[in-house]
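In our numbering, the protein residues as written are 1 to 350. Below: one structure, written as structure tokens.
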Amino acid sequence: MYKPLLSLSVAMLISMSPVSASAQMQRDYVWAAGSSTVFPFATRVAEYYMRKYGTKAPKIESLGTGGGIKLFCSGLGGSTPDVANASRPMKPSEYEMCQKNGVGEIIELQIGYDGVVIAMNKQNPDYDFRLDMLYLALSKDVLRYGAFDPNPYVRWNQISAGLPDRKILVYGPPSTSGTRDAFVELGMESGGAAYPLLRDIKTRNEKRFKQLTGSIREDGRYVNAGENDNATLSVLTKTPDSLGVFGYSFYEENKDKVKVAKIDGVMPTPTDIASGRYPLARSLFIYVKKAHLKFVPGLEGYMNEFVSDAAAGKGGYLKGRGLIALDDSLHDKVKQAARTQVVMAAPDSH
Numbered sequence: 001m002y003k004p005l006l007s008l009s010v011a012m013l014i015s016m017s018p019v020s021a022s023a024q025m026q027r028d029y030v031w032a033a034g035s036s037t038v039f040p041f042a043t044r045v046a047e048y049y050m051r052k053y054g055t056k057a058p059k060i061e062s063l064g065t066g067g068g069i070k071l072f073c074s075g076l077g078g079s080t081p082d083v084a085n086a087s088r089p090m091k092p093s094e095y096e097m098c099q100k101n102g103v104g105e106i107i108e109l110q111i112g113y114d115g116v117v118i119a120m121n122k123q124n125p126d127y128d129f130r131l132d133m134l135y136l137a138l139s140k141d142v143l144r145y146g147a148f149d150p151n152p153y154v155r156w157n158q159i160s161a162g163l164p165d166r167k168i169l170v171y172g173p174p175s176t177s178g179t180r181d182a183f184v185e186l187g188m189e190s191g192g193a194a195y196p197l198l199r200d201i202k203t204r205n206e207k208r209f210k211q212l213t214g215s216i217r218e219d220g221r222y223v224n225a226g227e228n229d230n231a232t233l234s235v236l237t238k239t240p241d242s243l244g245v246f247g248y249s250f251y252e253e254n255k256d257k258v259k260v261a262k263i264d265g266v267m268p269t270p271t272d273i274a275s276g277r278y279p280l281a282r283s284l285f286i287y288v289k290k291a292h293l294k295f296v297p298g299l300e301g302y303m304n305e306f307v308s309d310a311a312a313g314k315g316g317y318l319k320g321r322g323l324i325a326l327d328d329s330l331h332d333k334v335k336q337a338a339r340t341q342v343v344m345a346a347p348d349s350h
């Protein structure tokens, strides 16, 4: 997550039928919407591409991954985005919504890696969280003595004597955020799976397991901070007890102001995020409507620029914004997929 809703250009969008994106397309600029983590990368590519080719400024919106994909999947045509920016893979339910609304051919491109971090004021003690601690701290209901009860924990040292005697207060992204989805899945759900009873429930009923481990508490210990990481950063610098959840790339730009926790003994670094050793590592994506490529000026060039060596390659200009590059082999496959406009298959529901 990075910035509130912003746009590189202001343009009037003309409503049109979602049935066709052909001659009715009445928009002469690229429109991308979605993840606030991907937002700074998308705006950098837009700025570079506009200067390089003299095209009209693309419109880039920070709505959160869920919000961006919902708008992307609402149909075809000038009143819908060409690109969805995402800090997690598209969900099966989202793909089905796209198909239902006529967005049949979608190009999925992995642009790089990022990690979810837990940040804090530099005056705070150092934290090293096991994943089960994240589940115990933030799940709405927790497993205690063989039963599931409303979360009783209000201080970190109640969860583990090795954690500081500080109140539990975490500022994090909203339910529309891909960063929150990643934090829940990689952190809380993985932490819950450390318990045999919950592992057994997961084997028998995946949906029930996710309800028990992935529902964030609503008693004020987790605060919805919106899609604006700068607001969370401001809280962390002023409130020593508070912790904040956001993307590694945002931390990289603000490491002079805050520090981050270890997860399972591993600090988030580009090497450990790219290798997957850091437990909260995740991939970043853009999704492109193939039907729009023929009718939106600059869309094909923007798509190819985003995954180019100059932008997303090792040493590319997006590294300066905190993007962690794919390995060369995978990056070559992504570039090829963009050039040949390979359409994604339906996501696996498991």
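Just so you know, even glycine gets a beta-carbon here, dropped at the ideal spot from N, CA and C.
Leaving out five residues on either side along the sequence, give the residues of the same chain with a beta carbon under 6 Å from the beta carbon of residue i.
i	result
Ala261	Ile118, Tyr127 and Phe129
Thr176	Gly64, Gly66 and Gly67
Asp332	none
Phe72	Pro81 and Ala84
Met97	Cys73
Whole angstroms are fine: how far does the CA of residue j sit from the CA of residue i?
i	j	result
Asp132	Glu189	9 Å
Lys140	Asn304	43 Å
Ile324	Tyr145	42 Å
Pro268	Gly276	10 Å
Ala23	Leu138	Residue placement at Ala23 cannot be trusted, given a pLDDT of 46 that sits under 50; the coordinates are not used to answer.
Ser74	Ser215	27 Å
Asp200	Tyr135	17 Å
Pro297	Tyr53	11 Å
Thr213	Ala194	11 Å
Ile168	Gly192	18 Å
Val19	Ile60	In this prediction, Val19 has a pLDDT of 45, which is less than 50 and means its spatial position is unreliable; what the coordinates show is noted afterwards. About 24 Å.
Arg166	Leu318	37 Å
Tyr29	Tyr49	12 Å
Lys202	Phe295	46 Å
Lys207	Leu198	12 Å
Ala312	Lys100	32 Å
Gly265	Arg155	21 Å
Can you name, in chain order, every residue of its own chain whose Cβ lies under 8 Å from the Cβ of residue i, other than the five neighbours on each side?
i	result
Lys290	Glu105, Ile106, Ile107, Gln341 and Val343
Asp327	Ala274
Glu218	Lys140
Leu236	Ala119, Met120, Asn121, Tyr171, Ser242, Leu243, Gly244, Lys257 and Val258
Is it right to say residue i is buried, meaning 16 or more other beta carbons lie within 10 angstroms of its own, or is it exposed?
i	result
Ser36	buried
Asp368	Any answer about residue 368 is impossible in this case: the structure gives the chain only from 1 up to 350.
Asn85	buried
Arg88	buried
Asp229	buried
Val170	buried
Ala21	Any reading at Ala21 must be qualified, since the residue scores a pLDDT of 48, below 50, and its modelled position is unreliable; the value itself is stated next. Answer is buried; the Cβ neighbour count reaches 16.
Val116	buried
Leu284	buried
Asp256	exposed
Pro58	buried
By the DSSP assignment, the beta strand (DSSP E) with residue i in it spans what residues?
i	result
Ala345	No beta strand (DSSP E) contains Ala345, which DSSP labels as neither H nor E.
Leu197	It is not in any beta strand (DSSP E) - Leu197 instead sits in the alpha helix (DSSP H) that spans Pro196 to Arg204.
Ala147	Ala147 to Pro150
Phe306	Looking at the DSSP string, Phe306 is not in any beta strand (DSSP E); the run it does join, the alpha helix (DSSP H), is Leu299 to Phe306.
Ile60	Lys59 to Ser62
Ser79	Premise fails: Ser79 is in no beta strand (DSSP E) and is neither H nor E.
Asp141	Asp141 to Arg144
Asn124	Here Asn124 belongs to no beta strand (DSSP E), and DSSP marks it neither H nor E.
The alpha helix (DSSP H) that contains residue i, what's its start and end?
i	result
Tyr222	Segment Tyr222 to Asn224 is the beta strand (DSSP E) holding Tyr222; no alpha helix (DSSP H) there.
Val235	Asp229 to Lys238
Met267	No alpha helix (DSSP H) contains Met267, which DSSP labels as neither H nor E.
Tyr113	That residue, Tyr113, is in no alpha helix (DSSP H); its beta strand (DSSP E) goes Ile106 to Asn121.
Gly66	Thr65 to Phe72
Val258	That residue, Val258, is in no alpha helix (DSSP H); its beta strand (DSSP E) goes Val258 to Val260.
Tyr278	Here Tyr278 belongs to no alpha helix (DSSP H), and DSSP marks it neither H nor E.
Skipping 5 residues on each side, what residues in its chain have a beta carbon closer than 7 Å to that of residue i?
i	result
Val307	Leu109, Ile111, Val334, Lys335 and Ala338
Pro125	Pro164
Tyr95	Ala346 and Pro347
Gly226	Pro174
Gly301	Tyr49 and Tyr53
Between residue i and residue j, which are expected to be in contact by the criterion C-beta below 8 Å, what is the C-beta distance as a whole number of angstroms?
i	j	result
Tyr113	Ala231	Wrong, their Cβ atoms sit about 25 Å apart, outside the cutoff.
Phe183	Val245	6 Å
Met90	Tyr287	6 Å
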